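Trainee:
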Amino acid sequence: MNPEFQRNLWLELTPRRMVLMIVLLALAFLAVALAGGTDFTVGGAAQWLFYLIVVLWGTRNAATAVVGEIRDRTWDMQRLSSLTPGEMTWGKLFGSTSFNWFGGAICLAVLTFDTLTHKGVVAALADIVYYLAIGVIAQAASFLASLIAARRRQAHSRLDVFIYQVVGIAAAIAVNSVWSIADPATMHLAHVVGADVIAWWGMKLDARLFLLASLAVFAGWLLAGCYREMRLELQMRNGPSVWLAFLVFIGVYAAGFDAWLPKDKSVEGLDAVSLRLGLAVSVYASLTYLMVFLEPKDRVHYRWLGSQLSSARLGAFFGGLQAWMMAYVATLLCGAGLVAWIQLHHADTTHAMEIAAGLGFLTRDVSIFVLMRGVPGRRGDFAALGTLFALYVLAPVIVKGLGGESLSMLFYPQPTQPLWLGPLVAWAEGLTLAVLALSRASIRNSPAGRSQPSPAS
Amino acid sequence: MIEVSNLVYEYPTQRALDGVSLRVAPQTITALVGPNGAGKTTLLRCLAALETPYDGQVTIEGLNTAASPREIHALLGYLPDFYGLYDELSVRRSLVHAARAHGIAPGAAGAACEKAASRVGLADRMETPAGQLSRGLRQRLAIAQSIVHEPKVLLLDEPAAGLDPQARRDLSALLVALKDGGMTLVVSSHILAELEDYCSEMIIIEGGRIAGGKAVKVRDIERPRYLLEIATARSDLKDFLTARAGLDVIEVDQHHALFTFTRNPSARAKLIRDLIAAGFEVSSFGESTKALEDAYFAQVAAP
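Here the protein sequences come in this chain order: A and B.
Sequential numbering of the first sequence, starting at 1, is according to our numbering.
Sequential numbering of the second sequence, starting at 1001, is according to our numbering.
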């Protein structure tokens, strides 16, 4: 057996804990059955308990699988082991959540039996795939977020762990929301109209099949991400190819949903190509923000990247690029393509100018994250978030209150007169902050000073 | 065994290692000494392929840490200055996990654990949870985890910190036994006294650089340093000693002499007999116990 998985089983699946889980779940199901209500059945209780145990609690355990070891100072010993990144990844991800899956398996058995008796075999099988997928995706997302952040080598506070957990919960909510299109009965948070077919890239596809395949593919990407982050933790090198492949995939995947966009003023008059490019740009920009927040912004690494570039060691340079940098470049390239397309094919270029301004503000925002990273720990990132909150929310409200509504173009994309003024202001801000961030990263450390020896003997 | 070439490591606001180059011979115990904050821990972590240097190279047994980190990890045992244990696991399970994680087959893991435990004196506490061990015993368990796979290189960062005198003596004996068994050890400390017992080489690190530019040989196990003291001053003490075959004088005045000489007891007995026969009033003769300290201050005092 994988030694890391076994170690986790020793710690997590003790006989006492297992008995306690069985007894508590049995009592919960018995209580619901005896209550005899029609709104809340044993199957419904099993669903909620599955979410509670596997998603809510499981993401917590997945988030602490590595950062807990860093906190307890056992991680260096683990990094020196002979385990492969794959063994370490599944040993930690499924080992740290083994107790959650033990409880989840009981819940899944109950709810599958319930579905089987009420809806038939196909629905029961779909339920099994869905619940396993949502559990794996949620836990893998938390685990991945914690691994990305682990490279910061800081003390991980409870707030940090909560953030990694939230990433997993958000992934689960996204999965649940999307799945509700195919099976509205699983949606507990709102009323959703189900659909048998999904329009994607103009094709009409069976909703249930498409979404199950999507879940499997996204779970695969998440596990691949965990594997690659684990490689970095074990001091192995990753090239940029897998992340670039993911960017291509996610861009193409998202662009196919243009038919789902609400037909409101924000997209009025835009053709399908513009909408698809717009979806890809939105996804890339979101990934840029997420990754620049999570990834370490180490100025020594940035200086090293600069030295590799200046000495034309392009292989090392591209190998050292961070995920947010590649997502940022993808946003710029795709965004520039979108701006060019609208300029060439549409008479009204207001949208193009707003998108160009948006790219400038994105440049400003990532520069703020890099600039604010001067202080140790995560405080710099929260300072950056605070700055963005001030720029996007507080400052515009204040400016509006003072009667200067037109000045809101200083803070976020707005239609302006003349049209080019908005992009000009945004890029002036973006480039100024980018130059500041780059110049700060390029400040070299002075050689280590010689201190007086003071050995005790 | 270990070769470091022009190693540079930078923290965001400080250059921790500034062009460090050194060589560690196989089957030696090398002390890595220097004041707090000198860069000892950073250097050890770079040797262990746990950190990626900004520039320079580290090779261990011909493997480069940048190109083959996992192969290097398999060769190493490493005890950090601040380490953790799985408090809820017993000593046996902690060692079984360490052995299996280092690639020892399930069938051989039990024997490897027993051997490691008996080496550090934990054989009678195999079922005790790690969380119930005293500080000294926790240190022993951490060392046992580091050596359970019989690494070729063992890196120890402040291994004696917090240990009582008896535990320190036991640790010294263990390290010498590991070296005699074929391991190469690098031991970091800023307390010279604890290194005196077992280190033969010393690397002084100061402000991220190697003082003197290379390792200093502080002790030849076969030819220790001896300190001689005579009661009555004799101006011919230096001539008498330098004339003797196999004896190398380091320092001498009319009352004292520091020299290297063979460890052979008969040769030493003959030297004492000859000194007395020549009329030297020998009041003290013994192995110098401050070789490391002397070498340290000689090196750091050098321009």
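Just so it is clear, CB atoms sit at the ideal spot from N, CA and C, and this is done for glycine as well.
The structure presented is a predicted model; accordingly, all values stated were derived computationally and were not measured.
Hey, L25 of chain A and I128 of chain A: beta-carbon distance below 8 angstroms or not?
Mentor: In this structure, I128 of chain A does not lie closer than 8 angstroms to L25 of chain A by Cβ.
Trainee: Please determine, among B:R1045, B:L1275, B:A1025, the residue with the shortest C-alpha to C-alpha distance to V1008 of chain B.
Mentor: Nearest of B:R1045, B:L1275, B:A1025 to V1008 of chain B, Cα basis: B:R1045.
Trainee: Is there a Cβ from chain B that is less than 8 angstroms from the Cβ of H188 of chain A?
Mentor: For H188 of chain A, the predicted model reports a pLDDT of 44, less than 50, meaning its position is unreliable; a value from the coordinates is still stated below. Answer no: the Cβ-Cβ gap between H188 of chain A and chain B never drops below 8 angstroms.
Trainee: State the start and end residues of the unbroken beta strand (DSSP E) segment that holds L321 of chain A.
Mentor: Segment: none, L321 of chain A is in no beta strand (DSSP E) and carries neither H nor E.
Trainee: Going by other Cβ atoms of all chains shown within 10 Å of its Cβ, with 16 needed for buried, is P1165 of chain B buried or exposed?
Mentor: That one is exposed.
Trainee: Taking a contact to mean a Cβ-Cβ separation below 8 angstroms, would you say R231 of chain A touches P85 of chain A in this structure?
Mentor: Yes, the Cβ-Cβ distance between R231 of chain A and P85 of chain A is below 8 angstroms.
Trainee: Could you check the C-alpha separation between A254 of chain A and P3 of chain A for me, to the nearest Å?
Mentor: Whole-angstrom Cα-Cα distance: 39 angstroms.
Trainee: Give every residue of the same chain whose Cβ lies closer than 8 angstroms to the Cβ of G1286 of chain B, excluding the five residues on either side of it in the sequence, and list them in chain order.
Mentor: So the qualifying residues of the chain are Y1226, L1227.
Trainee: Note down the Cα distance separating R346 of chain A from L270 of chain A, rounded to an integer number of angstroms.
Mentor: For the record, residue 346 of chain A in the displayed sequence is His; it is not Arg. Cα to Cα, H346 of chain A sits roughly 8 angstroms from L270 of chain A.
Trainee: Taking all protein chains shown into account, decide if E429 of chain A is buried (16 or more other Cβ within 10 angstroms of its Cβ) or exposed.
Mentor: Flag for E429 of chain A reads buried.
Trainee: Mapping DSSP to helix, strand and coil, what is H1256 of chain B?
Mentor: Strand at H1256 of chain B.
Trainee: Counting along the chain, where does the alpha helix (DSSP H) carrying F1280 of chain B start and finish?
Mentor: That residue, F1280 of chain B, is in no alpha helix (DSSP H); it is neither H nor E in DSSP.
Trainee: Can you find a CB in chain B that lies within less than 8 angstroms of the CB of W101 of chain A?
Mentor: No - not a single Cβ of chain B is within 8 angstroms of the one on W101 of chain A.
Trainee: Does chain A have any CB closer than 8 angstroms to the CB of Y1226 of chain B?
Mentor: It does not: the Cβ of Y1226 of chain B has no partner Cβ on chain A nearer than 8 angstroms.
Trainee: Beta-carbon separation of Y1083 of chain B and S1094 of chain B under 8 angstroms?
Mentor: Result no, Cβ atoms of Y1083 of chain B and S1094 of chain B do not sit closer than 8 angstroms.
Trainee: As a quick exercise: from A:A141, A:E12, A:L159, pick the residue whose alpha carbon is nearest that of G103 of chain A.
Mentor: Measuring from the Cα of G103 of chain A, the nearest candidate turns out to be A:E12.
Trainee: Whole angstroms are fine: how far does the CA of P413 of chain A sit from the CA of V397 of chain A?
Mentor: Roughly 15 angstroms separates the two Cα atoms.
Trainee: For A1112 of chain B, which option in B:L1047, B:I1205, B:Q1145, B:H1255 has the closest C-alpha, if you only look at C-alpha atoms?
Mentor: Among B:L1047, B:I1205, B:Q1145, B:H1255, the Cα nearest to that of A1112 of chain B belongs to B:Q1145.
Trainee: Taking beta-carbon pairs under 7 angstroms, can you tell me which members of the segment 1066-1080 of chain B lie near chain A?
Mentor: If the cut-off is 7 angstroms between Cβ atoms, the segment 1066-1080 of chain B has P1069, R1070, H1073, A1074, L1076, Y1078, P1080 near chain A.
Trainee: Count the other C-beta atoms from every protein chain shown that fall within 10 angstroms of the C-beta of A1243 of chain B, then say buried if there are 16 or more, exposed otherwise.
Mentor: Classification of A1243 of chain B: exposed, given that the 10 Å Cβ count is below 16.
Trainee: A1049 of chain B touches chain A at which residues, Cβ-Cβ below 7 angstroms?
Mentor: Residues of chain A passing the Cβ test: Q235.
Trainee: With Q1014 of chain B as the anchor, note down where its alpha helix (DSSP H) starts and where it stops.
Mentor: Unbroken run through Q1014 of chain B is the beta strand (DSSP E), 1014-1024; no alpha helix (DSSP H).
Trainee: List the residues of chain A that T1052 of chain B touches, going by C-beta distances under 8 angstroms, in chain order.
Mentor: Chain A residues near T1052 of chain B: Q235.
Trainee: Quick one: any contact between the segment 141-150 of chain A and the segment 27-41 of chain A, if contact means 3 or more CB pairs under 8 angstroms?
Mentor: The segment 141-150 of chain A vs the segment 27-41 of chain A: no contact.
Trainee: Can you name the residues of chain B whose CB is closer than 8 angstroms to the CB of R299 of chain A?
Mentor: Per Cβ cutoff of 8 angstroms: P1012.
Trainee: Residues of chain A with a CB under 8 angstroms from the CB of L1175 of chain B: which are they?
Mentor: Under the 8 angstroms cutoff, chain A gives no residues; its nearest Cβ is about 19 angstroms from L1175 of chain B.
Trainee: Apart from the five residues on each side of it in sequence, which residues of its chain come closer than 7 angstroms, Cβ to Cβ, to V242 of chain A?
Mentor: Around V242 of chain A: A224, R228.
Trainee: Give the range of the alpha helix (DSSP H) segment to which D1239 of chain B is assigned.
Mentor: First-last of the alpha helix (DSSP H) with D1239 of chain B: 1237-1242.
Trainee: Comparing the C-beta of L371 of chain A with each C-beta of chain B, is any distance below 8 angstroms?
Mentor: L371 of chain A does not count as touching chain B.
Trainee: Mind checking if P240 of chain A is an interface residue toward chain B, Cβ cutoff 8 angstroms exclusive?
Mentor: Output row for P240 of chain A: interface = no.
Trainee: What first and last residue would you give for the beta strand (DSSP E) that runs through N1006 of chain B?
Mentor: Element bounds for N1006 of chain B: 1002-1011.
Trainee: Please specify which runs of the alpha helix (DSSP H), each continuous and at least 4 residues long, are wholly inside the segment 1176-1215 of chain B, giving them in chain order.
Mentor: For the segment 1176-1215 of chain B, whole alpha helix (DSSP H) runs of length 4 or above, ordered along the chain, are 1192-1195.
Trainee: Using the C-alpha atoms, what's the distance from H1149 of chain B back to A1099 of chain B?
Mentor: If you take the alpha carbons of A1099 of chain B and H1149 of chain B, they lie about 6 angstroms apart.
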